[in-house]
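**Q** No gaps in the numbering here: position 126 of the sequence shown is 172 in our numbering, and each next residue is one more.
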Amino acid sequence: NNLLVMSELHNCSDIDLIALGGNVLSNGDNIGMFGADTAGAIKNLFFDISFLSVDAIHRDYGYMVAKKEYAEVIRAAMGASAEKYVVADSSRFDKRSMLKLCDFTAIDKVITDENIADEFKEMCYTGNKQLLTTINFEP
Numbered sequence: 047n048n049l050l051v052m053s054e055l056h057n058c059s060d061i062d063l064i065a066l067g068g069n070v071l072s073n074g075d076n077i078g079m080f081g082a083d084t085a086g087a088i089k090n091l092f093f094d095i096s097f098l099s100v101d102a103i104h105r106d107y108g109y110m111v112a113k114k115e116y117a118e119v120i121r122a123a124m125g126a127s128a129e130k131y132v133v134a135d136s137s138r139f140d141k142r143s144m145l146k147l148c149d150f151t152a153i154d155k156v157i158t159d160e161n162i163a164d165e166f167k168e169m170c171y172t173g174n175k176q177l178l179t180t181i182n183f184e185p
């Protein structure tokens, strides 16, 4: 649902790219359609995997977002997805935001960078959650 991602994928012939309507909102590099119209359109779709962006991940409060329009769309995508991946850099961990999206257990996999704190690695391990991280290749 991110316009920047759509602009990168629109020439890929093997991808069925669908753009949904809704309110265009911007949060840094995240420019996309959000709100009730977008969430309603998602409920008519099915995804094998959804990649979800969150504003914060907290050990007690789970995954969190800053705006209700984001929460509506992300929750709709979660309901339409067989697998749910959260994509968040390590700066989003141990932070809180305005709205709780879901518990830590609701997400299947977490994709982040190599700077994730050991506490959150342990949470993934004990929660039987796959953690995918980047590797820093410096010559």
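Built from N, CA and C at the ideal position, the CB exists for glycine as well.
Note that this is a predicted model, so its numbers are computed, not measured.
Report back the beta-carbon spacing between residue 181 and residue 160 to the nearest angstrom; my notes put them in contact at under 8 Å.
**A** Right, their Cβ atoms sit about 6 Å apart.
**Q** Determine the extent of the alpha helix (DSSP H) in which residue 88 is found, giving its start and end residues.
**A** That run of the alpha helix (DSSP H) goes 82–88.
**Q** Throw me the rounded Cβ distance for the residue 94 and residue 128 pair, which I believe falls under 8 Å.
**A** The Cβ separation is near 5 Å, so the contact holds.
**Q** Return yes when the Cβ of residue 132 is within less than 8 Å of the Cβ of residue 111, no when it is not.
**A** Result no, Cβ atoms of residue 111 and residue 132 do not sit closer than 8 Å.
**Q** Looking at residue 87 and residue 71, is the spacing between their C-beta atoms short of 8 Å?
**A** Going by C-beta atoms, residue 71 is not nearer than 8 Å to residue 87.
**Q** Rounded to the nearest angstrom, how far is the Cβ of residue 122 from that of residue 85, given a contact under 8 Å?
**A** That belief holds up - the Cβ atoms of residue 122 and residue 85 are roughly 4 Å apart, short of 8 Å.
**Q** Jot down the residue ranges of each uninterrupted beta strand (DSSP E) in the stretch 77–148, minimum 3 residues, whole runs only, in chain order.
**A** Here the runs fully enclosed are 93–99, 102–104, 108–111, 127–133, 145–148.
**Q** Let me make sure I understand the geometry here. Which of 103, 178, 69, 73 has the alpha-carbon closest to that of residue 151?
**A** Out of 103, 178, 69, 73, 103 has the C-alpha closest to the C-alpha of residue 151.
**Q** For the beta strand (DSSP E) that residue 155 lies in, which residues bound it at each end?
**A** First-last of the beta strand (DSSP E) with residue 155: 155–158.
**Q** Tell me the rounded alpha-carbon separation between residue 120 and residue 47.
**A** Cα to Cα, residue 120 sits roughly 10 Å from residue 47.
**Q** Between which two residues does the beta strand (DSSP E) holding residue 180 run?
**A** Note, residue 180: premise wrong, no beta strand (DSSP E); not H, not E.
**Q** Roughly how many whole angstroms lie between the Cα atoms of residue 77 and residue 158?
**A** Spanning the two alpha carbons is a distance of roughly 20 Å.
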